[in-house]
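Number 817 in our numbering belongs to position 59 of the sequence shown; there are no gaps in the numbering. Built from N, CA and C at the ideal position, the CB exists for glycine as well. Step one of this worksheet: look at the structure below.
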Amino acid sequence: MKPEHLKILEDGAATIGLRLDAEQRALLARHVDVLLKWNKSVNLTAITDPIEVVEKHLLDSLALAPLVPKGTLLDAGTGGGFPGLPVRVARPDVEVLLVDSSQKKIAFLKNFIAETRLTGVQAIALRLSGNPAAEGLSRVHSAVARAVSSPQQWLPLAEHYVLPGGLVFCMLGPSEPLPTPPEDLVLQQELAYKLPVTQAERRLAVYKRV
């Protein structure tokens, strides 16, 4: 990643209250570089401009980091590792479970994790069905699905994976309707933010499992 791209990352992270040290910035930069290299043969992202990747993938993912509770975060339909990997890099106190049904995407993630020796993160090829016990998964402290399904479909699925008192995150567009949660999820807060380069508007809805 070029120095000017790193500057966008550092400044953008600071606007959401994250101070990334040199090691964290290097890991996130490596994520982008390896992602774009693999993307030539594996469909990991439709966004290929490095500045757009920094803004629309890294910084959009990092907006979640301050809100994630300690414990384990489930990233469902993680694709190229977003938002789970950036959250793990920014929040060493959070362990991350990256789940995707694509074997190729999980192969990329496992390669990246091994190459960087990143700890506290696991990548699993799996299509979530709402039955964590049958899937060999333990319930987690928080869960997010950034772009895998509609928010209205995500909430009823997510509630099966989150411990009581845990959080479910919905990452929304500016005009996307707020999903109606099932009975076991209660809306805790709704936040609005802007991406630093394009000023594109984003929203984040946080639900608590009761």
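Short of 6 Å from the beta carbon of A901, and not among the five residues preceding or following it, lie these beta carbons of its own chain, in chain order: L832, A916, Y919, V920 and V926. The Cβ-Cβ distance between V845 and V857 does not fall below 8 Å. For V790, the secondary structure class from DSSP, reduced to helix, strand or coil, is helix. Rounded to whole angstroms, the gap between the alpha carbons of R783 and L767 is 8 Å.
Exposure of D779 is indicated by the presence of fewer than 16 other C-beta atoms within 10 angstroms of its C-beta. Considered as a whole, the stretch 878-937 harbours 909-916 as its complete alpha helix (DSSP H) runs of no fewer than 4 residues, in chain order.
Looking at I871, Q911, I864 and V964, the one whose alpha-carbon comes closest to that of R788 is I871. Of the residues Q946, L930 and V879, the one whose Cα lies closest to the Cα of R904 is L930. Counting along the chain, V857 sits inside the beta strand (DSSP E) bounded by residues V852 to D858.
Separation of V811 and Q947 (C-alpha to C-alpha, rounded to the nearest whole angstrom) is 27 Å.
For Q946, the enclosing beta strand (DSSP E) covers residues L943 to K952.
The beta carbon of F840 sits closer than 7 Å to those of H815, S819 and R904, all from its chain and outside the five residues before and after it, given in chain order. Annotation: I805 to V955 spans about 15 Å, alpha carbon to alpha carbon. Look at R783 here: in three-state DSSP terms it is helix.
Each residue's CA atom was taken as its position, placing K798 and V792 some 10 Å apart. Under DSSP, L832 shares a beta bridge with L855 and A901.
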